[in-house]
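**Student:**
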Amino acid sequence: MLLIAVAPFVDTSKVAASNVSFVSSTLNTTLALSPFQPPTGGELSVTWEASPPCVGEPTVYNSVADLKGRRWGRSAADVNSTACAYKDSTNKPVFSWETAPRCVAAPSVLVATADSSGRLWGEQPDACAFKAADSDRPIFDWLTAPACINLPEPVTSEADASGRLWGWEAGRECAYKSGDNSPLALPADIANLEEVQPVTPADMVARGAVPTAASITWRASPRCTAAPSKFISTMDGRGRLWGWDNNASCAFKDAADVPVYDWETAPRCLSDDAEGGRVDAEGRIWGTEAGQTSSRALSTSDTAAAGDASTPTSHARHGLGRRGAMHRVHRHRRSLDSASAFPSCKVWPAPANVVADGFARYWSNEDGSSCLYRDSNGNPASLWDISPACLGNATSTSIHATDSNGRSWGWEFGRSCAFRNATGAPSQPSSNSNAATSSVAPAESSTTASSAPSPNSGSGGSFTTGDVNTAGSCSGSPTMDTSQPDDVGYLWGWQDGRACVFRNSEGKPLYYAALITGDWNAQPGYVPKPSSQSGWFDAPRCNNPPTWEAKPDSEGRLWGYENGQGCVFRDARGYPLFYSDLQSGNVAEYYNKGSKWDNAPVCPGTPSWSTARADGYGRLWGWDNKAQTSCAYKDGSGKPMYP
Numbered sequence: 196m197l198l199i200a201v202a203p204f205v206d207t208s209k210v211a212a213s214n215v216s217f218v219s220s221t222l223n224t225t226l227a228l229s230p231f232q233p234p235t236g237g238e239l240s241v242t243w244e245a246s247p248p249c250v251g252e253p254t255v256y257n258s259v260a261d262l263k264g265r266r267w268g269r270s271a272a273d274v275n276s277t278a279c280a281y282k283d284s285t286n287k288p289v290f291s292w293e294t295a296p297r298c299v300a301a302p303s304v305l306v307a308t309a310d311s312s313g314r315l316w317g318e319q320p321d322a323c324a325f326k327a328a329d330s331d332r333p334i335f336d337w338l339t340a341p342a343c344i345n346l347p348e349p350v351t352s353e354a355d356a357s358g359r360l361w362g363w364e365a366g367r368e369c370a371y372k373s374g375d376n377s378p379l380a381l382p383a384d385i386a387n388l389e390e391v392q393p394v395t396p397a398d399m400v401a402r403g404a405v406p407t408a409a410s411i412t413w414r415a416s417p418r419c420t421a422a423p424s425k426f427i428s429t430m431d432g433r434g435r436l437w438g439w440d441n442n443a444s445c446a447f448k449d450a451a452d453v454p455v456y457d458w459e460t461a462p463r464c465l466s467d468d469a470e471g472g473r474v475d476a477e478g479r480i481w482g483t484e485a486g487q488t489s490s491r492a493l494s495t496s497d498t499a500a501a502g503d504a505s506t507p508t509s510h511a512r513h514g515l516g517r518r519g520a521m522h523r524v525h526r527h528r529r530s531l532d533s534a535s536a537f538p539s540c541k542v543w544p545a546p547a548n549v550v551a552d553g554f555a556r557y558w559s560n561e562d563g564s565s566c567l568y569r570d571s572n573g574n575p576a577s578l579w580d581i582s583p584a585c586l587g588n589a590t591s592t593s594i595h596a597t598d599s600n601g602r603s604w605g606w607e608f609g610r611s612c613a614f615r616n617a618t619g620a621p622s623q624p625s626s627n628s629n630a631a632t633s634s635v636a637p638a639e640s641s642t643t644a645s646s647a648p649s650p651n652s653g654s655g656g657s658f659t660t661g662d663v664n665t666a667g668s669c670s671g672s673p674t675m676d677t678s679q680p681d682d683v684g685y686l687w688g689w690q691d692g693r694a695c696v697f698r699n700s701e702g703k704p705l706y707y708a709a710l711i712t713g714d715w716n717a718q719p720g721y722v723p724k725p726s727s728q729s730g731w732f733d734a735p736r737c738n739n740p741p742t743w744e745a746k747p748d749s750e751g752r753l754w755g756y757e758n759g760q761g762c763v764f765r766d767a768r769g770y771p772l773f774y775s776d777l778q779s780g781n782v783a784e785y786y787n788k789g790s791k792w793d794n795a796p797v798c799p800g801t802p803s804w805s806t807a808r809a810d811g812y813g814r815l816w817g818w819d820n821k822a823q824t825s826c827a828y829k830d831g832s833g834k835p836m837y838p
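In this note's numbering, the protein residues as written are 196 to 838.
1. Are C163 and A795 close, meaning C-beta to C-beta below 8 Å?
2. With which residues is L379 paired in a DSSP beta bridge?
3. Can you give, in chain order, each stretch of the alpha helix (DSSP H) that sits fully within the stretch 261-327 and has at least 4 residues?
4. Measuring CB atoms only, is the stretch 612-627 touching the stretch 580-589, in the sense that at least three cross pairs come out at less than 8 Å?
5. Closer than 7 Å by C-beta to N820: which residues in its own chain qualify, once you throw out the five before and the five after it? Chain order, please.
6. Note the first and the last residue of the continuous alpha helix (DSSP H) segment covering W579.
7. Any idea what DSSP makes of S188, helix, strand or coil?
8. Note down the Cα distance separating G702 from C540, rounded to an integer number of angstroms.
9. So what does DSSP say about W363, is it helix, strand or coil?
10. Contact defined as beta carbons within less than 8 Å: I believe D355 pairs with W361. What is the distance between those atoms, to the nearest angstrom?
11. Over the uninterrupted beta strand (DSSP E) stretch that includes R693, give me the two end residues.
12. Opposite V839 in the DSSP bridges: which residues?
13. Just how far apart, CA to CA, sit L305 and K448?
14. Check A415 in the structure and name its three-state DSSP category.
15. Suppose you measure from the CA of R359 to the CA of R314; what does that come to, to the nearest Å?
16. Please determine, among W558, W458 and L578, the residue with the shortest C-alpha to C-alpha distance to E477.
17. To the nearest angstrom, report how far apart G817 and S832 are at their CA atoms.
18. I need the DSSP call for A638, collapsed to helix, strand or coil.
19. With a cut-off of 8 Å on the beta carbons, I'd call D580 and R693 a contact; round off their distance for me.
20. Could you spell out the range, first to last residue, of the beta strand (DSSP E) harbouring T824?
21. Look at the alpha carbon of I594 and the alpha carbon of Q679, and state the distance between them as a whole number of angstroms.
22. Using a Cβ-Cβ cut-off of 8 Å (strictly less than) and excluding sequence neighbours within five positions of Q728, which residues of its own chain qualify?
23. Measuring CA to CA, which of A280, S803 and A295 is closest to G431?
24. Opposite E459 in the DSSP bridges: which residues?
25. May I have the straight-line CA-CA distance separating D310 from N560, to the nearest angstrom?
26. Considering only residues of the stretch 594-623, which uninterrupted beta strand (DSSP E) runs meet the minimum length of 3 residues and lie entirely inside it, listed in chain order?
27. Apply the 10 Å Cβ neighbour rule to H527 and answer buried if 16 or more other Cβ atoms are within range, or exposed otherwise.
28. Out of P673, Y837, S258 and L346, which one is the CA nearest neighbour of R698?
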């Protein structure tokens, strides 16, 4: 655990006209402060644009963050050397996984990009990492999570709220799913684990499976006597504040060892729906998120970037007391005349990202700032414009309500839908229809389409967003931010005030795998042909094991490029190697050299919890240094061995 030593804050108004140095003895970094002119906006004395770029990647040991989260360092390991900024050629901040700020949204295939280690990155608007709030552990959703290598077992899997099974392999979470992201169930012939011995706490500590050192250091550190502020505190990798008191490091915590913050130093809530929300005396909203270290208190407003009082980003659905409700209504009313200054939204109006203000306008968050949904005429979009289109025809039995504008509404797949044609105009009921003219407003619990297929469609190409075959085409190419897949995986967008479908040059709807693989011809069940061969079975086998340069097709099978042509990665038995195998790092070891327990060579010596690795069946694997191959800890009869 790194102890951050922070020098006391110097009041520059009481110092003579000579430069004052702010020294961090741990980071070996000195920041020059000019008297009577302290740095503004959390920046150093050298501006970000004018500072030279640092060499290498930032770490928690060689860099320090300013109030904007950007990392600064020294051009040499000398306190007298010039300051440098960790940035690229375009002056954008550069981060390592440990120093990157945490993304405030949840990961998805639309907003996340995987690095060479399979960890997910986003932008808000600069780079951010999808990692847990209390550690650097990567987090995933179901579509972005790596697939588990082994089959699920009762002792190695855990079900989420949807009943899908999750596991833990290669030091991170994985999802028990097939190549098409369908959940896997527990197999009928699960392994017999009666001989597996329980692991003691001492074994877990020896294996490094519990973060004991950091927790003990935090509990043992004395509490700081002063209240936390940005001038006298430094945040560690877990978001906790450290200070300097009585010539020693101290922790800003309460009597129960729970971290304490002021508004400026508090971490931002990862969700805009925090548990136990409260409003302080200045009308600011605080929350405590479940699952965080010591149930620490976190500050929250919403997922949009912070703005002034006219920014319409406060969610009206939060009920945090009369004072909080009055504060939000006041902000919305003040924003009536300033809505024209906000850009139009280009992102799909997903329910979790759309907020209605008191004037029935619909807002979202794009590139870290608020945006307004508008129709093709530039006017604020109404619920009619962003609601899903009804699949069926407008008849006396299907029309559930008619609004004050005479437009017909229906109810499909558990939500309201609008009867409108492909151009966005209201659909007229058939001549034999005597539709009810109820003035009851349609349900507004959701503003976007369900992705369930139409029960009347045998082709599976119709959805409550509209018919994928007749919907208008989106202009340009889809991105993770501007497209939304339906249940089949076709990409929908939002342009000119209505939903549209992204299509390729042949007019075919684009499949979401195109965003991941870069193959714009990918279709459900279709295997693209990245080589001149007639297909995967006819392509030659690559000579070397796959690396991160390998590209998966729509089925997840890995392709390479050798001798001027495409090749496929197969194991010695002819089976394909998948992207999930590459993510787990066991391709060459467990496929090319034998992955079956019965065929694996026996490990020399006896296993220990610090050197052995358990598979999904609880059996221990190791590495034979002499033979340079993986091996299994088993006795002469082939039964597993344990410490």
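Just so you know, even glycine gets a beta-carbon here, dropped at the ideal spot from N, CA and C.
**Tutor:** Once the coordinates are examined:
1. With the chain running from 196 to 838 in the structure shown, residue 163 is simply not present.
2. For the purposes of this step, residue 379 is taken as the residue at position 184 of the sequence shown. BP columns for L379 are empty, so no partner.
3. Whole alpha helix (DSSP H) segments, 4+ residues: zero.
4. These segments touch.
5. The residue you call residue 820 lines up with position 625 of the sequence shown. Excluding sequence positions up to five before and after N820, its CB lies less than 7 Å from no other CB in the same chain.
6. Stepping through the sequence shown from its first residue, residue 579 is reached at position 384. According to the DSSP assignment, W579 belongs to the alpha helix (DSSP H) that extends over L578 to I581.
7. Because the chain spans 196 through 838 in this model, residue 188 falls outside it and cannot be assessed.
8. The residue given as residue 702 occupies position 507 in the sequence shown. The residue given as residue 540 occupies position 345 in the sequence shown. Take the alpha-carbon of G702 and the one of C540: they are about 25 Å apart.
9. Within the sequence shown, residue 363 is the residue found at index 168, counting from 1. In the structure shown, W363 sits in a strand (DSSP, three-state: E or B).
10. Taking the first residue of the sequence shown as 1, we reach residue 355 at position 160. Taking the first residue of the sequence shown as 1, we reach residue 361 at position 166. That belief holds up - the Cβ atoms of D355 and W361 are roughly 6 Å apart, short of 8 Å.
11. Looking up residue 693 in the sequence shown gives position 498. Per DSSP, R693 belongs to the beta strand (DSSP E) from R693 to V696.
12. An answer regarding residue 839 cannot be provided, because it is not within the stretch 196 to 838 covered by the chain.
13. Position 110 of the sequence shown, counted from the start, is the residue given in the question as residue 305. Position 253 of the sequence shown, counted from the start, is the residue given in the question as residue 448. About 38 Å.
14. Here the question's residue 415 lines up with position 220 in the sequence shown. Three-state DSSP puts A415 in a helix.
15. Against the sequence shown, residue 359 aligns to sequence position 164. Against the sequence shown, residue 314 aligns to sequence position 119. So the two alpha carbons sit approximately 21 Å from each other.
16. Within the sequence shown, the letter at position 282 stands for residue 477. Closest option to E477, Cα to Cα, is W458.
17. What you label residue 817 is simply residue 622 of the sequence shown in a count that begins at 1. What you label residue 832 is simply residue 637 of the sequence shown in a count that begins at 1. Spanning the alpha carbons of G817 and S832 requires a straight line of approximately 18 Å.
18. The count along the sequence shown starts at 1 and reaches residue 638 at position 443. Per-residue confidence for A638 stands at a pLDDT of 35, beneath the threshold of 50, marking its modelled position as unreliable; no derived number is given.
19. Mapped onto the sequence shown, residue 580 falls at position 385. Mapped onto the sequence shown, residue 693 falls at position 498. In this structure D580 is in contact with R693, their Cβ atoms being roughly 7 Å apart against a cut-off of 8 Å.
20. To locate residue 824, count along the sequence shown from 1; it is residue 629. Here the beta strand (DSSP E) through T824 covers T824 to A827.
21. Reading the sequence shown from its first residue, position 399 is the one you call residue 594. Reading the sequence shown from its first residue, position 484 is the one you call residue 679. CA-CA distance, I594 to Q679, rounds to 28 Å.
22. By one-based count along the sequence shown, residue 728 stands at place 533. Reliability of the predicted coordinates at Q728 is poor, the pLDDT of 37 falling under 50, and the value obtained from them is presented with this limitation in mind. Answer for Q728: A734, P735, Q760 and G761, listed in chain order.
23. To locate residue 431, count along the sequence shown from 1; it is residue 236. The sequence shown places Asp at residue 431, not Gly. It is A295.
24. The residue you call residue 459 lines up with position 264 of the sequence shown. In the DSSP assignment, E459 forms no beta bridge with any residue.
25. Start at 1 with the first residue of the sequence shown, and residue 310 comes out as number 115. Start at 1 with the first residue of the sequence shown, and residue 560 comes out as number 365. Counting only the Cα atoms, N560 lies some 25 Å from D310.
26. The stretch 594-623 contains these whole beta strand (DSSP E) runs: 603-607 and 610-613.
27. Translated into positions along the sequence shown, residue 527 becomes position 332. In this prediction, H527 has a pLDDT of 32, which is less than 50 and means its spatial position is unreliable; nothing more can be read from the coordinates.
28. Sequence index remark: in the sequence shown, residue 698 carries index 503 (1-based). Closest by alpha carbon: P673.
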